[in-house]
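Each protein sequence line maps, in turn, to chains A and B. For the record, in the first sequence the residue sitting at position 66 is 66 according to my numbering, with numbers rising by one throughout. Numbers given in my numbering equal positions in the second sequence, counted from 1, plus 1000.
Number of protein chains: 2
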Amino acid sequence: MTQQPHEILFRTLADPTRRGIFERLCREGEQTVVALTARAGVSQPAVSKHLGVLKQAGLVRDRQEGRRTHYSARIDALAPLTDWTKRMTGFWQSRFDDLEDLLKRMDQ
Amino acid sequence: MTQQPHEILFRTLADPTRRGIFERLCREGEQTVVALTARAGVSQPAVSKHLGVLKQAGLVRDRQEGRRTHYSARIDALAPLTDWTKRMTGFWQSRFDDLEDLLKRMDQ
DNA sequence: TAAATCGATAACCAAGGAGTTATGAATGTG
DNA sequence: CACATTCATAACTCCTTGGTTATCGATTTA
């Protein structure tokens, strides 16, 4: 029961505001905090806090440039999410296959 | 800004206990509430509540049989999640392609 | 240098939600 | 019929967390 990699991703992306910020970084690339705040619908400290959480989850990186900080998405951080989904689908599929086999054997 | 389909999925799957229940249903197929409670680490009412939330999100279906309820995973409900991830990756990729194009043109 | 801008942090508040126990309705079993 | 089992709901508590305002250090700019 150690910390699985998808755990933090689900938790981090669950909040709409935070996910919105991440989506914008994916769509439009690198942005400063002011730029993000302008369209986040919440205060600048709130945005900063969200960026901190996103960074903690490895979903964004930041680059300092003078007095402003540029944030950008780290798209490969999403991998554990797609892995998890594939795994779930895989489980389901294999049980389905087992059932198919069983039915096939019963048919003979 | 209407309710996007992935919204409820992220919110629902964010909780570890709830996700654990869903995972078990994916792995092992249909289960009763008692069976799920046995290994969920929380009380039966808690499990029932989680199942209600999962059902609301379309992630599980239930089948009544006498006095017990059998729950099972609805695997295709995960589609909006994979769609979202693909979309994010897509945005990132296209910006990357644009950059590549730009560099290529500058090179000529 | 004085004023303005950027962004992080602290301190606080309110709401949401995950957990609990208690209970009851419905079904099965002796 | 009496008892046990299953599971959903209600009522409650408590902690987490997303939001706010206030502030401050670090930069630019006038």
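Each residue gets a CB set at the ideal place from its N, CA and C atoms; glycine is no exception.
Cβ distance (whole Å) where A/L25 is taken to contact A/R19 below 8 Å = Not a contact, Cβ separation roughly 11 Å.
request  = Measure the alpha-carbon distance for A/Y71 versus A/V47 and round it to whole angstroms.
outcome  = 11 Å
key: DSSP bridge partner residues for A/D62 (one or two, in chain order)   = A/Y71
request  = Express the C-alpha separation of B/A1077 and B/W1092 in angstroms, rounding to a whole number.
outcome  = 25 Å
request  = Mind listing the chain A neighbours of B/I1008? Cutoff is C-beta to C-beta under 9 Å, in chain order.
outcome  = Those do not exist, as B/I1008 stays about 10 Å from chain A at its closest Cβ, beyond 9 Å.
message = Measuring only the C-alpha atoms, how far is B/L1051 from A/G66?
response = 50 Å
ask   = From A/R11 to A/P5, what distance separates their C-alpha atoms?
value = 11 Å
ask   = If you measure beta-carbon to beta-carbon, which residues of the stretch 1049-1081 of chain B are closer than 8 Å to chain A?
value = A1073, I1075, L1078, L1081
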